[in-house]
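Everything on this sheet refers to the single structure shown next.
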Amino acid sequence: MSNWNTSEPQPPSALGRYRILSPRASVRVSPIQLGGMSIGTEWQGMGEMTRESCFELMDTYYELGGNFIDTASNYQNGTSEELIGEWMERRQNRDQIVVATKFSTPWRQHDASVAQKIHFAGNGTKSLHISVKASLQKLRTDYIDILYCHWYDWDTSVEELMNSLHNLVVAGKVLYLGISDAPAWIVSKANQYALDHGKTPFCIYQGQWSLSKRSFEREIIPMARDLGLALAPWNVLGGGRYRTDAEDKARHEAADGKARSGHTEDGKWERDDGDVKVSAALERVATEVGAKSIQAVAIAYHLHKTPYVFPVIGSRSAANLRRNIEALEITLTEAQIAYLESVLPFDIGFPGWLIGDGIGKHQIIAASAPIDVWPKAKSIKPHAAKLA
Numbered sequence: 440m441s442n443w444n445t446s447e448p449q450p451p452s453a454l455g456r457y458r459i460l461s462p463r464a465s466v467r468v469s470p471i472q473l474g475g476m477s478i479g480t481e482w483q484g485m486g487e488m489t490r491e492s493c494f495e496l497m498d499t500y501y502e503l504g505g506n507f508i509d510t511a512s513n514y515q516n517g518t519s520e521e522l523i524g525e526w527m528e529r530r531q532n533r534d535q536i537v538v539a540t541k542f543s544t545p546w547r548q549h550d551a552s553v554a555q556k557i558h559f560a561g562n563g564t565k566s567l568h569i570s571v572k573a574s575l576q577k578l579r580t581d582y583i584d585i586l587y588c589h590w591y592d593w594d595t596s597v598e599e600l601m602n603s604l605h606n607l608v609v610a611g612k613v614l615y616l617g618i619s620d621a622p623a624w625i626v627s628k629a630n631q632y633a634l635d636h637g638k639t640p641f642c643i644y645q646g647q648w649s650l651s652k653r654s655f656e657r658e659i660i661p662m663a664r665d666l667g668l669a670l671a672p673w674n675v676l677g678g679g680r681y682r683t684d685a686e687d688k689a690r691h692e693a694a695d696g697k698a699r700s701g702h703t704e705d706g707k708w709e710r711d712d713g714d715v716k717v718s719a720a721l722e723r724v725a726t727e728v729g730a731k732s733i734q735a736v737a738i739a740y741h742l743h744k745t746p747y748v749f750p751v752i753g754s755r756s757a758a759n760l761r762r763n764i765e766a767l768e769i770t771l772t773e774a775q776i777a778y779l780e781s782v783l784p785f786d787i788g789f790p791g792w793l794i795g796d797g798i799g800k801h802q803i804i805a806a807s808a809p810i811d812v813w814p815k816a817k818s819i820k821p822h823a824a825k826l827a
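The opening position of the sequence shown corresponds to residue 440 in the working numbering, with each subsequent residue numbered one higher.
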């Protein structure tokens with residue numbers, strides 16, 4: 440008989456300490472996702488990557504214990520999915536990896552052989568069918584772990600969307616469903632429809648969230664907490680614009696510095712005043728906690744804020760990846776978190792300023808009598824698992 444009372448094996452890094460994705464999805468994943476937007480050979484504006492450097496990046500992530508890769512049908516004009524699929528096939532590790540991909544964004548725009556491109560975009564059933572069929576081929580697999588609706592198109596009804604997505608789950612082509620870049624009320628409506636009609640609900644939400652862009656905290660985080668959704672924030676590093684002054688100087692001097700746009704709303708790589716302030720605050724906290732990079736502190740901030748957070752972090756080199764996952768060993772105090780948030784004041788807006796976010800005491804009720812509030816679930820504390 441096997442002895443299960445042995446000591447817990449030591450992971451190669453904190454990436455190898457797996458956690459449940461969400462209350463609605465029991466799959467165990469690494470706490471940081473490897474972002475696939477930078478994996479591919481087509482989008483030179485994000486920095487040049489070769490097939491070999493993409494494989495090296497994925498090898499490093501995997502060897503450090505990482506098992507959670509995020510991509511989309513349109514990333515790098517399809518070469519992101521293609522290279523991830525080839526890598527998994529060559530490494531014979533498909534079932535060890537949790538692959539998340541997305542449909543909705545036009546993914547044949549670059550293809551001159553396709554005269555009519557209208558059915559290769561949007562949330563409709565035909566777009567979904569075509570996109571998933573192609574993603575399965577590019578990923579060289581017969582199932583997708585997590586399929587996201589990439590963004591809401593305002594035309595497809597939640598009934599059509601949830602029915603079509605559920606059919607893919609029933610067919611065994613998709614295991615879990617996610618939604619990205621959609622209003623909280625749409626997600627709530629969609630999940631309620633799914634639960635009322637025996638369909639598969641969303642279990643994870645992906646969207647923009649950073650120290651510079653905190654509107655995610657108004658409706659999305661409270662919604663996710665109530666519905667049992669995981670959170671996959673993108674733009675955690677400010678689209679690559681969180682840099683120390685020394686790093687910024689090096690970026691200006693780099694041969695390809697001005698050629699790289701970064702993933703930002705304005706398409707610019709230069710820091711604005713807000714980026715400079717956030718970067719300086721991150722540098723101060725990095726010094727206090729002994730972190731090697733301000734980027735790791737930015738990632739750690741998100742991991743501390745609320746449970747079930749799995750940041751999507753892109754990298755272009757193994758060295759950069761190693762620096763980023765230092766975030767999993769960083770512990771921030773409440774004072775440090777408050778300081779980071781203070782450099783760019785955030786207005787929670789209405790009705791948040793009046794009724795709060797459901798975490799602490801309700802100020803209106805508390806005015807009537809002393810009250811005690813049951814604590815909500817908290818984020819997982821960092822482990823001091825050193826990199827191999």
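The C-beta atom is built at its ideal place from N, Cα and C for all residues, glycine as well.
Fair warning: this is a prediction, and the values are worked out from it, not measured in the lab.
Proximity of residue i and residue j at Cβ, strictly below 8 Å
i	j	result
residue 535	residue 506	yes
residue 816	residue 751	no
residue 485	residue 477	yes
residue 776	residue 747	no
residue 528	residue 577	no
residue 503	residue 451	yes
residue 736	residue 769	yes
residue 783	residue 651	yes
residue 458	residue 819	yes
Buried versus exposed, by CB contacts within 10 Å (16 or more), residue i
i	result
residue 554	exposed
residue 675	buried
residue 559	buried
residue 546	buried
residue 526	buried
residue 470	buried
residue 638	buried
residue 743	buried
residue 589	buried
residue 468	buried
residue 643	buried
residue 584	buried
Alpha carbon of residue i to alpha carbon of residue j, nearest angstrom
i	j	result
residue 456	residue 658	30 Å
residue 602	residue 726	51 Å
residue 791	residue 660	12 Å
residue 814	residue 490	48 Å
residue 515	residue 641	26 Å
residue 406	residue 446	For residue 406 there is no data in the structure shown, the boundaries of the chain being 440 and 827.
residue 667	residue 634	13 Å
residue 607	residue 631	19 Å
residue 826	residue 449	Caution applies to residue 826, whose pLDDT of 45 falls short of 50 and renders its modelled position unreliable; the model cannot decide the point.
residue 549	residue 717	36 Å
residue 720	residue 683	10 Å
residue 713	residue 649	12 Å
residue 565	residue 619	19 Å
Residue i in three-state terms, based on DSSP
i	result
residue 464	strand
residue 482	coil
residue 619	strand
residue 572	helix
residue 542	strand
residue 578	helix
residue 509	strand
residue 775	helix
residue 535	helix
residue 560	coil
residue 677	helix
residue 826	Confidence at residue 826 is low in this model, with a pLDDT of 45, below 50, so the placement of that residue should be treated as unreliable; the coordinate-derived value is given next. DSSP places residue 826 in coil when its eight states are reduced to three.
residue 457	coil
First through last residue of the beta strand (DSSP E) which encompasses residue i
i	result
residue 473	472-474
residue 604	Careful: residue 604 lies outside any beta strand (DSSP E), inside the alpha helix (DSSP H) at 597-609.
residue 747	Note, residue 747: premise wrong, no beta strand (DSSP E); not H, not E.
residue 641	641-647
Where the alpha helix (DSSP H) through residue i begins and ends
i	result
residue 738	733-744
residue 665	655-666
residue 802	802-805
residue 501	490-502
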